[in-house]
Amino acid sequence: MPETRAHQKEAKKEVRVWCDGCYDMVHFGHANSLRQAKALGDWLVVGIHNDDEITKHKGPPVFTQEERYKMVKGIKWVDEVVEGAPYVTTLETLDKHRCDFCCHGDDITTTADGVDTYHLVKDAGRYKEIDFESSGKWGEVVWAVLFKLTICGRPTNNINHKYLK
Numbered sequence: 020m021p022e023t024r025a026h027q028k029e030a031k032k033e034v035r036v037w038c039d040g041c042y043d044m045v046h047f048g049h050a051n052s053l054r055q056a057k058a059l060g061d062w063l064v065v066g067i068h069n070d071d072e073i074t075k076h077k078g079p080p081v082f083t084q085e086e087r088y089k090m091v092k093g094i095k096w097v098d099e100v101v102e103g104a105p106y107v108t109t110l111e112t113l114d115k116h117r118c119d120f121c122c123h124g125d126d127i128t129t130t131a132d133g134v135d136t137y138h139l140v141k142d143a144g145r146y147k148e149i150d151f152e153s154s155g156k157w158g159e160v161v162w163a164v165l166f167k168l169t170i171c172g173r174p175t176n177n178i179n180h181k182y183l184k
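So the sequence shown is numbered by this note's numbering: it starts at 20 and just counts up by one.
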């Protein structure tokens with residue numbers, strides 16, 4: 020039986036993937052996880068939490084939200100950035116941005132109260148896990164920076180960033 024146009028259109032439905040995070044001190048691990056996420060679909064939407072949300076749940080970010088928005092927009096696998104994404108990913112957020120599912124690394128992300136930030140989308144079966152371990156972790160980046168600033172004797176007064184002076 021030949022396919023109708025409706026069947027062809029349905030078969031070609033664009034798969035939209037949602038990823039969210041702080042994306043503070045963007046590094047290879049972030050880019051690699053977004054590369055993996057993009058490979059799961061056709062269109063990658065990245066939600067970035069604002070400064071207030073990050074401060075509430077993790078402590079103050081190094082870079083401002085505007086700086087983080089710009090850094091993530093520059094990553095080639097990112098098709099769309101949502102500024103001020105909620106810290107807890109909801110089904111309403113996925114639906115609002117027409118995303119089929121959410122993906123995140125295998126590291127657990129929790130609220131300040133210890134609640135899994137992806138519990139709602141996990142319970143609904145709209146969550147996929149990517150291998151963040153192979154991407155490198157933020158803590159490793161921080162330790163590398165601290166090592167170079169202290170152990171290697173690089174003076175901090177030559178750093179041109181307002182948070183590190």
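All residues carry an ideal CB built from backbone N, CA and C; glycine is no exception.
All values reported here derive from a predicted model rather than from experimental measurement.
Among the options, the one whose alpha carbon lies nearest that of residue i
i           : options              : result
residue 68  : 144, 115, 43 and 119 : 43
residue 101 : 47, 48, 66 and 40    : 66
residue 59  : 126, 131 and 121     : 121
residue 91  : 78, 109, 64 and 76   : 64
residue 140 : 110, 41 and 84       : 110
residue 75  : 131, 46 and 149      : 131
residue 37  : 31, 55, 48 and 46    : 55
residue 33  : 45, 62 and 39        : 62
residue 125 : 135, 98, 150 and 145 : 150
residue 96  : 70, 123, 116 and 51  : 51
Separation of residue j from residue i, as counted between CA atoms
i           : j           : result
residue 133 : residue 107 : 12 Å
residue 118 : residue 143 : 13 Å
residue 81  : residue 114 : 31 Å
residue 137 : residue 147 : 10 Å
residue 128 : residue 31  : 33 Å
residue 86  : residue 57  : 22 Å
residue 35  : residue 105 : 18 Å
residue 39  : residue 112 : 11 Å
residue 84  : residue 103 : 8 Å
residue 93  : residue 78  : 25 Å
residue 135 : residue 41  : 15 Å
residue 72  : residue 88  : 14 Å
residue 98  : residue 48  : 18 Å
residue 70  : residue 45  : 15 Å
residue 116 : residue 145 : 14 Å
Any C-beta of chain D under 8 Å from that of residue i
i           : result
residue 106 : Any reference to chain D falls outside this structure, which holds one protein chain only.
Endpoints, the beta strand (DSSP E) within which residue i is located
i           : result
residue 124 : 120 to 124
residue 54  : No beta strand (DSSP E) contains residue 54, which is instead part of the alpha helix (DSSP H) from 47 to 58.
residue 73  : Premise fails: residue 73 lies in the alpha helix (DSSP H), 70 to 76, not in any beta strand (DSSP E).
residue 38  : 35 to 40
residue 62  : 62 to 67
Span of the alpha helix (DSSP H) around residue i
i           : result
residue 87  : 84 to 92
residue 111 : 110 to 115
residue 102 : Here residue 102 belongs to no alpha helix (DSSP H); instead the beta strand (DSSP E) covers 99 to 102.
residue 140 : 138 to 142
residue 150 : Premise fails: residue 150 is in no alpha helix (DSSP H) and is neither H nor E.
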